[in-house]
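Comments concern the structure below.
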Amino acid sequence: MTQWEELADVKATLAKKGWFPATSGNLSIKLEDSPLHALVSVSGKDKTKSSPEDFVVVDRDGKTIESSLKPSAETIIHTRLYEVTDAGCILHVHTVENNLISALYKDEGQATFTDHELLKAFGLWEENAALTMPIVDNLHDLPALAEEMVRVVTPETKAILILNHGITVWGKNAFDAQKNLEAAEFLFAYRLAQFKYNLLKREDV
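Per our numbering, residue 12 is the first one in the sequence shown, and the count goes up by one each step.
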């Protein structure tokens, strides 16, 4: 399977889950490190549909390589994260759950999850393992937003929440990134259900 096909397969899977509402979201896969080249989703397309123009190759500055197609406006976030992490694939989606979690924990600047089997998806197998996701403000200046996201990255970070602007998740390849995203969304839904059924109080976490 080519990298294009891998990314198209992930896009189709996430689209079926309804995670790209109103053409939102973006995704990419790294083609090479030096110089940095990546396949990035094209701006403004309905991601529930597929075409040969779904993705475009960009360089480290987000400029397209031999194409007139317009890459996602948030391409700079992808290229900067490729520069500072070991990511091979980056996914950004908008769900009700990830927006709610970012709003609930905005004052703490991070959301932490413990005591759940799905933490193992992130390689956290210890009995008292904890997964912490940074939350950054939704800056409309995209280069500034990219730098803010880079600022909060640690070697353990695999996902960043943007306040009321979805989640950006990465992995060493497309399979890994999709796994991390699905696990994160499950943890969000579970946390919200804990609040709904009074299994957990807001002040306890």
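Ideal Cβ placement from N, Cα and C applies to all residues, glycine included.
> For chain B, is any of its Cβ atoms less than 8 Å away from the one on Asn175?
Replying inline: Protein chains in the displayed structure number just one, and chain B is not present.
> Closest to Met160 by CA distance: which of Arg91, Ala204 and Leu129 is it?
Replying inline: Arg91
> Excluding five sequence neighbours on each side, which residues of the same chain lie with their C-beta closer than 7 Å to the C-beta of Tyr116?
Replying inline: Ala122 and Ile146
> Residues bridged to Ala141 by DSSP?
Replying inline: Thr125
> What does a CB cutoff of less than 8 Å around Leu7 pick up in its chain, not counting 5 residues either side in sequence?
Replying inline: Here the chain comprises residues numbered 12 to 216, so residue 7 is not present and cannot be evaluated.
> Where DSSP assigns a beta bridge to Glu43, which residues make up the other side?
Replying inline: His48
> Hey, quick one: how far does the alpha helix (DSSP H) through Val68 stretch, first residue to last?
Replying inline: Val68 -> not in any alpha helix (DSSP H); beta strand (DSSP E) instead, spanning Phe66 to Asp70.
> Residues in its own chain within less than 7 Å of Asn149 by CB, not counting five upstream and five downstream?
Replying inline: Ile173, Leu174, Asn175 and His176
> Do Thr96 and Trp181 come within 8 Å of each other at the CB atom, strictly closer than that value?
Replying inline: yes
>> What does DSSP give as the partner residue(s) for His89 in the beta ladder?
In response: DSSP output for His89 lists no bridge partner at all.
> Which residue's Cα is closest to the Cα of Glu85: Ala98, Leu102, Ser79 and Glu77?
Replying inline: Leu102
> Taking the alpha-carbon positions, what's the Pro46 to Arg71 distance?
Replying inline: 8 Å
> Hey, out of Ser79, Asn110 and Tyr93, whose CA is closest to His48's CA?
Replying inline: Tyr93
> How close, in whole Å, do the beta carbons of Ile40 and Ala185 come, if the pair is a contact with beta carbons under 8 Å?
Replying inline: 6 Å
> Going by Cα to Cα distance, which pick from Glu137, Val164, Thr168 and Glu108 is closest to Arg202?
Replying inline: Glu108
>> Applying the 10 Å Cβ sphere with the 16-neighbour rule, what's the burial state of Asp118?
In response: exposed
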